[in-house]
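Throughout, the working numbering is defined as the position within the sequence shown, counted from one, plus 33.
For each residue, glycine too, the CB sits at the ideal point set by N, CA and C.
Below: the structure, in C-alpha cells.
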Amino acid sequence: MLTNDDGIHAPGLWAAAQALSQVGEVCVVAPDREQSGVGASLTLHAPVVARSLEIPALERLSAAANEEAGSPDGQQAEIRHRVTAFSVEGTPGDSCILGLEKLVGPVDLVVSGINRGSNLGWDVMVSGTVGAAFQGYFRGYPTIAISVGSVQNPRFDGAASLLRLLAQKLDQDGKKDAFLLNVNVPSLAPDQITGVEITRSGGRSYGESVREEGTGHQKRYWIARNRPVMADNGEGTDMNAAKNNRISITPLHLNLSHQEMLPRVETLLAGVPEALLGKGG
34 MLTNDDGIHA PGLWAAAQAL SQVGEVCVVA PDREQSGVGA SLTLHAPVVA RSLEIPALER
94 LSAAANEEAG SPDGQQAEIR HRVTAFSVEG TPGDSCILGL EKLVGPVDLV VSGINRGSNL
154 GWDVMVSGTV GAAFQGYFRG YPTIAISVGS VQNPRFDGAA SLLRLLAQKL DQDGKKDAFL
214 LNVNVPSLAP DQITGVEITR SGGRSYGESV REEGTGHQKR YWIARNRPVM ADNGEGTDMN
274 AAKNNRISIT PLHLNLSHQE MLPRVETLLA GVPEALLGKG G
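This is the structure:
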C-alpha cells in the first residue's frame, strides 16, 4: 500500500507506484490535497471521505509519472492494471489507517512517499510522510518513508529505483516483522549519488519563522520552516549523508523515553510525592 503527504496528484507518488507495480500489486490511498507538515495528525471529530479513482484518472496520473521519470510509454499499460487508487479527504495518517483497516486490508509492505523535499533529523516529528508511515509501523507492517532532497524540480528516478530494489529484497526475504525505515535520496541522477549509508537521525534541520501581514483585527501570521539550523549533522547522521550526496537509511522507532534524564528527574522530584500525597512531615 502506498500513501504520501504531497497529495494524490503528486508526481513522486506515481513514480513510486510505477516502481512498486514492477514488483507486485499496488493500492494507492493518499490525501486529496497537499498535507505537508501535518505530522501524524488524525481526523477524529468529523467523517473522512474516500473516493476510488477511475481508469481515466489513473491513466493521466501514470502518464505524468512516466514523463517525470523518463519511463518508456510501454510501461503505462502495466501500471494501469496493477494499481488501484483512492483519494482521501483527510490527513496522511487518515489515509494510511483507512487503507489498512478498510479499503485494502493486510499488505506485505507500506510505503509513504516519494516525498518532494527531505525529511531529516528532527523534521520527522512534523513530517506528514513519516506521520503516515508510523500508522503502518504501529500495525505491524514493514514500512518505508522515502523522500528526495529537493522541493524545486526534484528527481524521483533514483528514489524509485531504490524503492523497487528494496521491495524486491523484502519479497525475497519473506519476513513480515514490523520496522520503519526513513529513507532520504539525493535529488540527483543515480550515477551522481555517492553511496548508501545506514544512519542515525541528526538534530534539528530547519527552524520556523513567522511573517505577519495586515493590522488590527485583520492581522494574520504565516509560519514557514525556512531557517536552516542543521544541528548535530556530524558523521553517521542522515543530514551528513545528504550533505555528501549519499542515500541515508535510518531505522526509526517510537520509544521517546530519555533514560539519561532519569536521575535528574529523581533529584527534581525529591520530596514532591510526600508533599503531594500528604505523607511528608
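Residue i versus the options, residue with shortest Cα-Cα distance
| i | options | result |
| --- | --- | --- |
| residue 124 | 94, 48 and 78 | 78 |
| residue 117 | 87, 140 and 134 | 87 |
| residue 196 | 291, 95, 52 and 81 | 52 |
| residue 127 | 73, 296, 148 and 279 | 73 |
| residue 260 | 268, 280, 241 and 189 | 241 |
| residue 226 | 188, 250 and 256 | 188 |
| residue 148 | 44, 287 and 270 | 44 |
| residue 194 | 173, 294, 38 and 49 | 49 |
| residue 94 | 71, 120 and 70 | 120 |
| residue 264 | 154, 64 and 85 | 154 |
| residue 59 | 200, 231, 81 and 267 | 200 |
| residue 173 | 286, 304 and 76 | 286 |
| residue 68 | 56, 162, 91 and 138 | 162 |
| residue 244 | 237, 253 and 139 | 253 |
Range covered by the alpha helix (DSSP H) that runs through residue i
| i | result |
| --- | --- |
| residue 82 | Where residue 82 is concerned, there is no enclosing alpha helix (DSSP H), given that its DSSP letter is neither H nor E. |
| residue 290 | Neither: residue 290 is in no alpha helix (DSSP H) and is coded neither H nor E. |
| residue 307 | 305 to 309 |
| residue 3 | Any property of residue 3 remains undetermined from this structure, which presents the chain solely from 34 to 314. |
| residue 276 | 271 to 276 |
Burial state of residue i (16 or more Cβ within 10 Å)
| i | result |
| --- | --- |
| residue 224 | exposed |
| residue 235 | buried |
| residue 282 | buried |
| residue 105 | Bear in mind that the predicted position of residue 105 carries a pLDDT of just 43, short of 50, making it too unreliable to give a figure here. |
| residue 176 | buried |
| residue 213 | buried |
| residue 41 | buried |
| residue 36 | buried |
| residue 103 | At residue 103, the pLDDT of 47 sits below 50, so the modelled position is not reliable; the number obtained from the coordinates is stated separately. Per the 10 Å Cβ criterion, exposed. |
| residue 248 | exposed |
| residue 284 | exposed |
| residue 256 | exposed |
| residue 152 | buried |
Bounding residues of the beta strand (DSSP E) (the contiguous stretch that carries residue i)
| i | result |
| --- | --- |
| residue 163 | It is not in any beta strand (DSSP E) - residue 163 instead sits in the alpha helix (DSSP H) that spans 161 to 171. |
| residue 281 | 279 to 285 |
| residue 257 | 253 to 261 |
Helix, strand or coil at residue i according to DSSP, with G and I counted as helix
| i | result |
| --- | --- |
| residue 87 | coil |
| residue 118 | strand |
| residue 59 | strand |
| residue 128 | helix |
| residue 143 | strand |
| residue 136 | helix |
| residue 299 | helix |
| residue 38 | coil |
| residue 243 | strand |
| residue 178 | strand |
| residue 230 | strand |
| residue 237 | coil |
| residue 93 | helix |
| residue 248 | coil |
Just to confirm the assignment: which complete alpha helix (DSSP H) runs, minimum length 4, are found wholly within the segment 181 to 227? For the segment 181 to 227, whole alpha helix (DSSP H) runs of length 4 or above, ordered along the chain, are 190 to 206.
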